[in-house]
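Visitor:
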Amino acid sequence: MLRDGATLPETEVGRSVVPVADANGSRRIVPHVRVEQLDAFFGAVHAVRGASVELHDRSVTAIIGPSGCGKSTFLRCLNRMHETVPGARVSGRVLVEGTDVYNGKVSAVAVRRRVGMVFQRPTPFPTMSIRDNVAAGLRVMHDVHRSRRAVDEVVERALRRAALWDEVRDRLHSSATSLSGGQQQRLCIARALATEPAVLLLDEPTASLDPISSQRIEELVYELRSQMTIVIVTHNMQQAARVSDDTAFFLMGELVEFAPTSQMFTAPLDERSEAYITGRFG
Numbered sequence: 025m026l027r028d029g030a031t032l033p034e035t036e037v038g039r040s041v042v043p044v045a046d047a048n049g050s051r052r053i054v055p056h057v058r059v060e061q062l063d064a065f066f067g068a069v070h071a072v073r074g075a076s077v078e079l080h081d082r083s084v085t086a087i088i089g090p091s092g093c094g095k096s097t098f099l100r101c102l103n104r105m106h107e108t109v110p111g112a113r114v115s116g117r118v119l120v121e122g123t124d125v126y127n128g129k130v131s132a133v134a135v136r137r138r139v140g141m142v143f144q145r146p147t148p149f150p151t152m153s154i155r156d157n158v159a160a161g162l163r164v165m166h167d168v169h170r171s172r173r174a175v176d177e178v179v180e181r182a183l184r185r186a187a188l189w190d191e192v193r194d195r196l197h198s199s200a201t202s203l204s205g206g207q208q209q210r211l212c213i214a215r216a217l218a219t220e221p222a223v224l225l226l227d228e229p230t231a232s233l234d235p236i237s238s239q240r241i242e243e244l245v246y247e248l249r250s251q252m253t254i255v256i257v258t259h260n261m262q263q264a265a266r267v268s269d270d271t272a273f274f275l276m277g278e279l280v281e282f283a284p285t286s287q288m289f290t291a292p293l294d295e296r297s298e299a300y301i302t303g304r305f306g
């Protein structure tokens, strides 16, 4: 059970799917994230309707669909950010590494440590330096005994993983707002990576960026896929096709179809998916 500062149960450093035997003794893979009959509400508005899906480790899942279809709400439910909105509520289960994050004894802070999130627009803390922005991610770990040198090591590792270290290593104490938009977004990714999350959620991370910066973020997603589970909401169909292994299509709060990306974009099973992908609506 997760409490403040705790982690989810770990298997092979907390990020591997677990092979187990089924009733007849054959091996199967336990999904890294399992969503079961998830419903999300904003007051009386039913934003996500009975969504169920399994996400496997070291993969990228793209979530597509028209505006207002529940994509971002679904994403925010995966790390309990949805509940920060007044009047919002959730039913159903979200299991990360086998633990239901909505279990009443599970800490939301601990969940968000293991399930990091990056938003549509870069959100660096404007009064903090580049270094301190990344280090701020460690606060959810309540590790007051970590030395400055240890923090510096975490910051460097996170910046390297976010492909930003070489660009900022000589100005770590400069304001984060001195960075370009694309660099600020990678800084926010580094901040999320500092807590060593098992899952990374990206909510339209390139929507406000220029094409070159968008390409850098896509390259980063491709590199990080070997280390964790990534879920990315995007309106860009080409981006979804480029970066993801699987794709989920939402429409009016319903998870209409979930399939390998190659299948979704060439032979979707649901006619609504085909209509959206071929541009007949949305």
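25 is the number of the first residue of the sequence shown in my numbering; add one for each residue after it.
Glycine is no exception: its CB is placed at the ideal position from the N, C-alpha and C atoms.
Treat the numbers as computed from the prediction; the structure is a model and nothing was measured.
With a threshold of 16 other CB atoms inside 10 Å of the CB of F98, please say whether the residue is buried or exposed.
Guide: Label assigned to F98: buried.
Visitor: Specify the secondary structure class of M261 as computed by DSSP and reduced to three states.
Guide: The answer is helix: DSSP assigns M261 an H, G or I state.
Visitor: Could you name the residues of the same chain whose beta carbon sits closer than 6 Å to that of G49, not counting the 5 residues immediately before and after it, in chain order?
Guide: Here the model assigns G49 a pLDDT of 48, short of 50, so the residue's position is not dependable, and the following value carries that caveat. Counting only Cβ-Cβ distances below 6 Å, and skipping sequence neighbours, we find nothing.
Visitor: Here's the rule I'm using: 16 or more other beta-carbon atoms within 10 Å means buried, otherwise exposed. How should D81 be labelled?
Guide: By the neighbour-count rule (16 or more Cβ atoms within 10 Å), D81 is buried.
Visitor: My assumption, with CB atoms under 8 Å, is that A222 sits in contact with R138. Please give the rounded CB distance.
Guide: With a Cβ gap of about 5 Å, A222 and R138 count as contacting.
Visitor: Could you spell out the range, first to last residue, of the beta strand (DSSP E) harbouring L62?
Guide: That run of the beta strand (DSSP E) goes 57-66.
Visitor: When the Cα atoms are used, what is the spatial distance from M261 to Y300?
Guide: Their backbone Cα atoms lie some 10 Å apart in a straight line.
Visitor: In terms of residue numbering, what span does the alpha helix (DSSP H) encompassing S76 cover?
Guide: No alpha helix (DSSP H) holds S76; the beta strand (DSSP E) holding it covers 69-79.
Visitor: Kindly indicate the opening and closing residues of the alpha helix (DSSP H) around E179.
Guide: For clarity, residue 179 is Val in the given sequence; the question names Glu instead. Where V179 is concerned, the enclosing alpha helix (DSSP H) stretches over 172-185.
Visitor: What would DSSP say about F98, mapped onto helix, strand or coil?
Guide: Looking at F98 - three-state DSSP - the assignment turns out to be helix.
Visitor: Rounded to the nearest angstrom, what separates S237 and L293 at their Cα positions?
Guide: Going from the Cα of S237 to the Cα of L293 covers about 34 Å.
Visitor: Measuring alpha carbon to alpha carbon, tell me which of R184, R249, V118 ends up nearest T85.
Guide: Of R184, R249, V118, the residue nearest in Cα terms is R249.
Visitor: Ends of the beta strand (DSSP E) at S115?
Guide: S115 -> beta strand (DSSP E) spans 112-120.
Visitor: Suppose the cutoff is 6 Å on Cβ atoms and the five residues either side in sequence are ignored; what does the same chain contact list for I87 look like?
Guide: Closer than 6 Å at the Cβ level, and outside the excluded window around I87, lie K95, V257, A272.
Visitor: For the beta strand (DSSP E) that contains L279, what are its first and last residues?
Guide: Unbroken beta strand (DSSP E) run through L279: 278-284.
Visitor: Below 8 Å, how does it come out for the stretch 263-270 and the stretch 65-76: are there three or more Cβ pairs, yes or no?
Guide: The stretch 263-270 is not in contact with the stretch 65-76.
Visitor: Report the option in R181, V72, V192, N103 whose CA atom is closest to the CA atom of S131.
Guide: If we check each option's Cα against that of S131, N103 comes out closest.
Visitor: So what's S200 in DSSP terms, helix, strand or just coil?
Guide: In the sequence as displayed, the identity of residue 200 is Ala instead of Ser. Three-state result, A200: helix.
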